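Undergrad:
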Ligand code: AMP
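Numbering (the numbering used here), first residue to last: 43 to 448.
Take a look at the structure:
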């Protein structure tokens with residue numbers, strides 16, 4: 043069920059959001075996009091006359107413990123998000139409270155006292171190891187706080203954690219559902235899997251073949267062209283017998299890459315690899331550079347961006363496409379001197395979209411590349427959850443989606 047199909051008036055709603063925002067060393071929020079993205083769902087529940095018991099994780103407190111082995115509560119407390127949430131909600135909320143625990147008697151008492159249109163923010167779910175373990179007792183204690191469970195945390199939808207998946211089993215179909223953000227993300231993914239307009243082009247980049255091979259294989263069933271750039275392209279070029287110098291290589295994936303290229307040929311999917319590359323004599327923005335054929339890179343040099351010819355070839359295919367999915371940058375775009383290819387691809391995707399294509403950008407790095415190119419508003423959809431979107435596009439079901447729909 044989606045949130046707008048559920049009865050929420052006078053109900054206590056346990057709402058899982060993704061408030062995993064970046065903080066500076068004074069714990070100030072650097073980018074509040076994730077909080078903003080959850081606002082439609084939060085406001086809707088309040089408008090319907092419900093109250094909210096709000097759950098989220100923040101960072102990885104279980105991985106970044108203090109020297110004495112304890113959780114760094116000061117650094118990872120969800121309280122850092124409360125002021126910003128309060129400001130963004132303005133008059134929409136009657137009050138926003140915070141409680142310094144996730145379960146237990148204080149949480150129960152405050153949840154019980156919550157009035158319609160009020161919000162109670164619980165402490166970081168990952169302060170408890172039970173969260174990532176998907177623990178049933180912990181999930182039951184969360185479930186007991188509310189009558190309805192809503193999940194709108196797309197960024198963690200691919201994790202089977204207590205607050206994202208296990209908790210859903212304690213609510214029946216009339217009392218659990220997805221928030222608007224997850225709804226939007228699922229519908230965006232569906233546009234690519236249900237009868238996409240053609241030609242359909244996948245643009246895949248980033249560091250490793252091993253991270254994206256499932257996506258690449260899945261794409262062979264759906265798309266007409268696959269444009270491949272970034273570090274992963276060199277393992278494929280090596281598989282074709284090219285000389286790649288010191289470029290990124292996953293030696294143990296060369297055979298996988300060969301098999302993939304053979305399968306693509308069988309299925310008539312055009313694979314575009316960069317014909318030329320900007321190469322550097324070290325991994326540094328200020329390295330010496332030149333542009334050469336991608337399959338003829340001298341020893342000691344490494345390919346850090348696609349070249350001009352490759353960008354032009356890719357652009358031609360992208361601009362003629364009617365459906366586009368993009369995951370992963372075309373080069374080391376964080377370094378200015380190797381960002382050109384990625385920015386040009388962002389341009390091409392924006393142009394295709396203007397000409398009527400549906401374009402989905404998924405994956406943290408590609409989203410920041412599109413923003414860096416100033417094209418954020420010119421693509422059809424930017425996914426907020428790189429890992430979760432990748433899983434959807436690979437054809438996997440997400441544990442938190444399954445937990446709500448079954
Ligand atoms: P991913 O998270 O797999 O999408 O990979 C993104 C990372 O890949 C970025 O940090 C890029 O700097 C890096 N990357 C892209 N192209 C290359 C390349 N040619 N060589 C090394 N790293 C690259």
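C-beta atoms are modelled at their ideal positions from N, C-alpha and C, and glycine is treated no differently.
Since the structure is predicted, the reported quantities are computational estimates derived from the model, not experimental observations.
Where do the N-terminal and C-terminal ends of the alpha helix (DSSP H) with residue 263 fall, by residue?
TA: To locate residue 263, count along the chain shown from 1; it is residue 221. It spans 251 to 264 - the alpha helix (DSSP H) in which residue 263 sits, taken as one unbroken run.
Undergrad: Between residue 122 and residue 69, which are expected to be in contact by the criterion C-beta below 8 Å, what is the C-beta distance as a whole number of angstroms?
TA: For the purposes of this step, residue 122 is taken as the residue at position 80 of the chain shown. For the purposes of this step, residue 69 is taken as the residue at position 27 of the chain shown. Right, their Cβ atoms sit about 5 Å apart.
Undergrad: In three-state terms, what does DSSP make of residue 12?
TA: Residue 12 cannot be examined here, being either before or after the span of the chain that is shown, 43 to 448.
Undergrad: For the segment 335 to 342 and the segment 239 to 251, state whether three or more C-beta atom pairs, one from each stretch, are separated by less than 8 Å.
TA: no
Undergrad: For residue 102, count the other beta carbons within 10 Å of its own beta carbon; 16 or more makes it buried, fewer makes it exposed. Which is it?
TA: For this step, residue 102 is matched to residue 60 along the chain shown. That one is exposed.
Undergrad: So, helix, strand or coil for residue 338, using DSSP?
TA: Counting from 1 along the chain shown, the entry for residue 338 is found at position 296. Judged by DSSP in its simplified three-state form, residue 338 adopts strand.
Undergrad: According to DSSP, which residues form a beta bridge with residue 285?
TA: In the chain shown, residue 285 corresponds to position 243, counting from 1. Partner(s): 338.
Undergrad: Is the distance from the Cβ of residue 195 to the Cβ of residue 176 below 7 Å?
TA: The sequence position of residue 195 within the chain shown is 153, counting from 1. The sequence position of residue 176 within the chain shown is 134, counting from 1. Result no, Cβ atoms of residue 195 and residue 176 do not sit closer than 7 Å.
Undergrad: Once you ignore the five residues that flank residue 357 on each side, which residues in its own chain have a CB closer than 7 Å to its CB?
TA: Locating residue 357 in the chain shown gives position 315, counting from the first residue. Here the set comprises 386 and 390.
Undergrad: Hey, residue 227 and residue 426 are a contact pair by Cβ (cut 8 Å); roughly how many whole angstroms apart?
TA: Here residue 227 refers to the residue found at position 185 of the chain shown. Here residue 426 refers to the residue found at position 384 of the chain shown. Going by Cβ atoms, the distance from residue 227 to residue 426 rounds to 7 Å, so yes, they are a contact pair.
Undergrad: Around the Cβ of residue 439, are there at least 16 other Cβ atoms within 10 angstroms (buried) or fewer (exposed)?
TA: Your numbering for residue 439 matches position 397 in the chain shown. Looking at its Cβ environment, which holds fewer than 16 other Cβ atoms inside 10 Å, residue 439 is exposed.
Undergrad: Shortest alpha-carbon distance to residue 54 belongs to which of 92, 147, 144 and 112?
TA: Walking along the chain shown from the start, residue 54 turns up at place 12. Per the Cα distances, 92.
Undergrad: Per DSSP, what kind of secondary structure is residue 413 in: helix, strand or coil?
TA: The sequence position of residue 413 within the chain shown is 371, counting from 1. Residue state, collapsed to three classes: helix.
Undergrad: Considering only DSSP beta bridges, list what residue 318 is partnered with.
TA: Residue numbering aside, residue 318 sits at position 276 when the chain shown is read from its first letter. Note: residue 318 sits in a beta bridge opposite 335.
Undergrad: Report the residue from 151, 43 and 187 whose alpha carbon sits nearest the alpha carbon of residue 193.
TA: Here residue 193 refers to the residue found at position 151 when the chain shown is read from its first residue. Of the listed residues, the one whose Cα sits closest to residue 193 is 43.
Undergrad: Secondary structure at residue 124, three-state DSSP: helix, strand or coil?
TA: Along the chain shown, read from residue 1 onward, the residue named residue 124 stands at position 82. The answer is helix: DSSP assigns residue 124 an H, G or I state.
Undergrad: Given the structure, does residue 371 come close to the ligand AMP, in the sense that its CB is under 6 Å from one of the ligand's heavy atoms?
TA: Stepping through the chain shown from its first residue, residue 371 is reached at position 329. Checking the Cβ of residue 371 against the ligand AMP gives yes.
Undergrad: Do the segment 322 to 329 and the segment 269 to 283 make contact, defined as three or more Cβ pairs closer than 8 Å?
TA: Not touching, per the Cβ criterion.
Undergrad: So is the beta-carbon of residue 374 under 6 Å away from any non-hydrogen atom of the ligand AMP?
TA: Working through the chain shown from its first residue, we reach residue 374 at position 332. Yes.
Undergrad: By the three-class DSSP mapping on this structure, what secondary structure does residue 54 have?
TA: Translated into the one-based positions of the chain shown, residue 54 becomes position 12. Strand at residue 54.
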